[in-house]
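Trainee: Please see the structure below; I have some questions.
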Ligand SMILES: NC(=O)c1ccc[n+]([C@@H]2O[C@H](COP(=O)([O-])OP(=O)(O)OC[C@H]3O[C@@H](n4cnc5c(N)ncnc54)[C@H](O)[C@@H]3O)[C@@H](O)[C@H]2O)c1
C-alpha cells in the first residue's frame with residue numbers, strides 16, 4: 150500500500166509517516182521546511198525529516214512546495230496511484246498570517262487546491278484526509294456564557310455545550326484571523342471537491358494538536374513551546390484573558406488513529422467533516438498547563454502577563470467529537486491530559 154503525506158516533517162505529517170511505515174506502507178512525503186522559514190531555526194522540521202529517513206530506509210521525502218503545480222504534478226506522475234493521501238502541509242499560525250497574508254493564503258487555500266486538483270487528475274480513488282482546523286468557525290465560541298473560575302474559563306456543567314460545540318456552528322459572520330479565513334477556504338474547497346466530484350475526501354477540524362515531535366515556537370505549537378519555556382527557563386508571555394483561556398489538546402497519535410479509522414471504512418462518506426479533539430479528557434488553560442509542566446519538570450516558570458488579547462483569540466475552545474465518535478465508536482483517546490503533558494515533558498528529563 151502506498152501513501153502520500155504532505156507536511157511530512159511536521160507534527161501531524163511525521164506522526165502519519167511513522168504510523169504508516171510501522172504498518173509496512175510505502176510512504177512518500179512532501180515538505181520544504183517552510184516551518185523553519187516562517188518561525189525560525191528552532192522551528193525547523195528538518196531534524197524530524199532526517200530522523201524519519203534514518204528510521205525508515207524506504208521512506209522518501211521530496212522537497213517540494215505545495216503551491217507549485219509543476220512540482221506536485223511531477224510527484225504524482227512519478228509515484229501515483231496512492232491508496233491514501235494525508236494533507237498536513239500548512240501555514241498553521243494565527244499571528245504569522247497577519248503580516249504575511251499572501252503567503253498564508255497561497256499555502257492554505259491555493260496550495261490545497263493545487264493538491265486537490267492534482268489528486269483528482271492522477272489518483273482519484275485514494276482516500277484523502279484534509280487537515281483543517283477549528284479556527285474555521287471563527288471566534289463564535291466567545292459568545293458562550295462562560296464563567297470565570299479560579300484557573301480557567303468554563304461553561305456551567307449543565308450547559309448543553311459543556312462537551313463542546315458541534316459541526317453545526319456557523320463558519321462566517323464572526324472574526325477568524327487571516328489564518329482562520331485561509332484555512333476555511335481550504336476546508337470549503339476540500340468539501341467541494343468531495344461532493345462535486347464524488348471523491349473520498351474527509352475533513353478534520355482539530356483545536357490544538359500536540360506531541361513531542363512538535364517544533365514548538367512562539368508563534369505556533371503552543372503546548373510544546375510552553376513546556377520548552379518551563380524546561381529551559383525562557384520567559385513565557387501570556388497574552389490576555391489572564392491565562393485562563395482553555396484549549397482542547399489532542400495528541401498527534403490519537404489524531405492519526407482517527408485518520409486510520411476513516412481509511413479503513415469502505416463507507417466513509419465523500420466530504421465527511423468532523424470536529425476532532427480530546428474534549429473533556431484532555432484540555433487545560435494556560436495557567437493549568439504551566440502548573441502541570443512545573444510539577445512534572447520540577448522547575449518554576451518565568452511568566453509575564455500581557456493584557457493584550459490576540460485579535461480573534463478564543464476564551465474557551467472545546468469542540469464536540471460526538472459526530473465522529475458515533476460513526477467510529479472504536480476510536481478512543483489514548484492520551485488524556487496527564488499522559489499528554491508527561492509525553493511533552495519527558496524528553497527534557499532524560
Ligand atoms: N498543531 C495544531 O495545534 C493544529 C491545530 C489545528 C489544526 N492544525 C492543522 O493540522 C495540519 C498540520 O499541522 P502541524 O501542527 O503538523 O503543523 P507543522 O507546522 O508542524 O507541519 C506542517 C509542515 O508543512 C510544511 N509546509 C508548510 N508549507 C509548505 C509548503 N508550501 N510546501 C510544502 N511543505 C510545507 C512545514 O515545513 C511543516 O513541516 C495543518 O493543516 C494545521 O493547520 C494544526
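In my numbering, the protein residues as written are 150 to 499. Even glycine gets a Cβ: it sits at the ideal position worked out from N, Cα and C.
Could you tell me which of 286, 426, 429 sits nearest to residue 462, measuring between CA atoms?
Mentor: For residue 462, the nearest C-alpha among the options comes from 286.
Trainee: Rank 292, 341, 300, 419 by C-alpha distance to the C-alpha of residue 323 and give the top, closest one.
Mentor: Looking at the Cα atoms, 292 is the closest of the given residues.
Trainee: In angstroms, rounded to a whole number, what distance separates the CA positions of residue 263 and residue 315?
Mentor: Cα to Cα, residue 263 sits roughly 29 Å from residue 315.
Trainee: Just grab the DSSP bridge partners of residue 396 for me.
Mentor: Bridge partners of residue 396: 433, 466.
Trainee: Report yes if the C-beta distance between residue 424 and residue 397 is below 7 Å; otherwise report no.
Mentor: No. Outside cutoff.
Trainee: Examine ligand 1 and report whether any of its heavy atoms sits within less than 6 Å of the Cβ of residue 239.
Mentor: Flag set: Cβ of residue 239 near ligand 1.
Trainee: Considering only the beta carbon of each residue, do residue 360 and residue 160 sit closer than 7 Å?
Mentor: In contact: residue 360 and residue 160 (Cβ atoms closer than 7 Å).
Trainee: Using 10 angstroms around the beta-carbon of residue 499, count the other beta-carbons present and answer buried if the total reaches 16, otherwise exposed.
Mentor: Exposed: under 16 other Cβ atoms inside 10 Å.
Trainee: Can you find the residues in the same chain that come closer than 7 Å, C-beta to C-beta, to residue 340, ignoring five residues on each side of it along the sequence?
Mentor: The residues are 352, 420, 422.
Trainee: Could you check how far apart the C-beta atoms of residue 107 and residue 348 are, in whole angstroms? I think they sit under 8 Å.
Mentor: This structure does not reach residue 107, given that the chain is present from 150 up to 499, and the question cannot be answered.
Trainee: What is the C-beta distance between residue 237 and residue 170, in whole angstroms, given that I count them as a contact (C-beta under 8 Å)?
Mentor: Not really, about 15 Å apart at Cβ, beyond 8 Å.
Trainee: Ligand 1 and residue 211: does any heavy atom of the ligand fall closer than 6 Å to the residue's C-beta?
Mentor: Answer for residue 211: no, Cβ out of range of ligand 1.
Trainee: Quick check: the region 291-310 against the region 239-254, are at least 3 beta-carbon pairs closer than 8 Å?
Mentor: No, the region 239-254 does not touch the region 291-310.
Trainee: List the endpoints of the continuous beta strand (DSSP E) containing residue 487.
Mentor: Taken as a continuous stretch (DSSP letters only), residue 487 belongs to no beta strand (DSSP E), being part of the alpha helix (DSSP H) at 486-494.
Trainee: How far does the alpha helix (DSSP H) with residue 378 in it extend, from its first residue to its last?
Mentor: Unbroken alpha helix (DSSP H) run through residue 378: 371-381.
Trainee: Which runs of the beta strand (DSSP E), 3 residues or longer, sit entirely within the region 200-247?
Mentor: You should have 209-211, 233-236.
Trainee: Does the beta carbon of residue 461 fall short of 6 Å from some heavy atom of ligand 2?
Mentor: In the structure on display, ligand 2 does not appear, and the ligands it does have are ligand 1.
Trainee: Is residue 98 helix, strand or coil when you go by DSSP?
Mentor: Since the first and last residues shown for the chain are 150 and 499, residue 98 lies out of range.
Trainee: With respect to the alpha helix (DSSP H) encompassing residue 166, which residues constitute its N-terminal and C-terminal limits?
Mentor: Segment 160-171, the alpha helix (DSSP H) holding residue 166.
Trainee: Thinking C-beta only, is residue 345 closer than 7 Å to residue 400?
Mentor: For residue 400 and residue 345, no; Cβs fall outside 7 Å.
Trainee: For ligand 1, is there any heavy atom lying closer than 6 Å to the beta carbon of residue 337?
Mentor: No, the Cβ of residue 337 stays beyond 6 Å of every heavy atom of ligand 1.
Trainee: Less than 8 Å between the CB atoms is what I'm expecting for residue 302 and residue 275, so what's the real figure, rounded?
Mentor: About 41 Å; that fails the 8 Å criterion.
Trainee: Our contact map puts residue 365 next to residue 469 with C-beta atoms below 8 Å; I'd like the distance itself, whole angstroms only.
Mentor: No, residue 365 and residue 469 are not in contact; Cβ-Cβ is about 27 Å, not under 8 Å.
Trainee: Please return the same chain residues whose Cβ sits closer than 8 Å to the Cβ of residue 417, not counting the five positions on each side in sequence.
Mentor: Same-chain partners within the cutoff: 276, 349, 351, 411.
Trainee: Using the Cα positions of residue 181 and residue 342, report the straight-line distance between them to the nearest angstrom.
Mentor: Their backbone Cα atoms lie some 25 Å apart in a straight line.
Trainee: Does the region 184-198 come close enough to the region 221-228 to have 3 or more Cβ pairs within less than 8 Å?
Mentor: The region 184-198 vs the region 221-228: no contact.
Trainee: Need the endpoints of the beta strand (DSSP E) that residue 337 sits in, please.
Mentor: It is not in any beta strand (DSSP E) - residue 337 instead sits in the alpha helix (DSSP H) that spans 327-346.
Trainee: Can you tell me whether residue 413 is buried or exposed? The criterion is at least 16 other CB atoms within 10 Å of its CB, across all chains shown.
Mentor: The residue is exposed, with fewer than 16 neighbouring Cβ atoms inside 10 Å.
Trainee: Taking 6 Å as the limit between beta carbons, can you name the residues of its chain near residue 441, skipping five residues before and five after?
Mentor: Within the same chain, residue 441 has close Cβ partners 490.
Trainee: Where do the N-terminal and C-terminal ends of the beta strand (DSSP E) with residue 453 fall, by residue?
Mentor: Its beta strand (DSSP E) spans residues 452-455.
Trainee: Going straight from the alpha carbon of residue 459 to that of residue 217, what length do you get?
Mentor: Straight-line Cα distance between these residues: approximately 32 Å.
Trainee: Apart from the five residues on each side of it in sequence, which residues of its chain come closer than 7 Å, Cβ to Cβ, to residue 374?
Mentor: Once the five neighbours on either side are set aside, the close Cβ partners of residue 374 are 365, 366, 367.
Trainee: In this structure, how does DSSP classify residue 405 when only helix, strand and coil are distinguished?
Mentor: Helix at residue 405.
Trainee: Helix, strand or coil for residue 500, going by three-state DSSP, please let me know.
Mentor: Since the first residue shown for the chain is 150 and the last is 499, residue 500 is missing from the structure and cannot be characterised.
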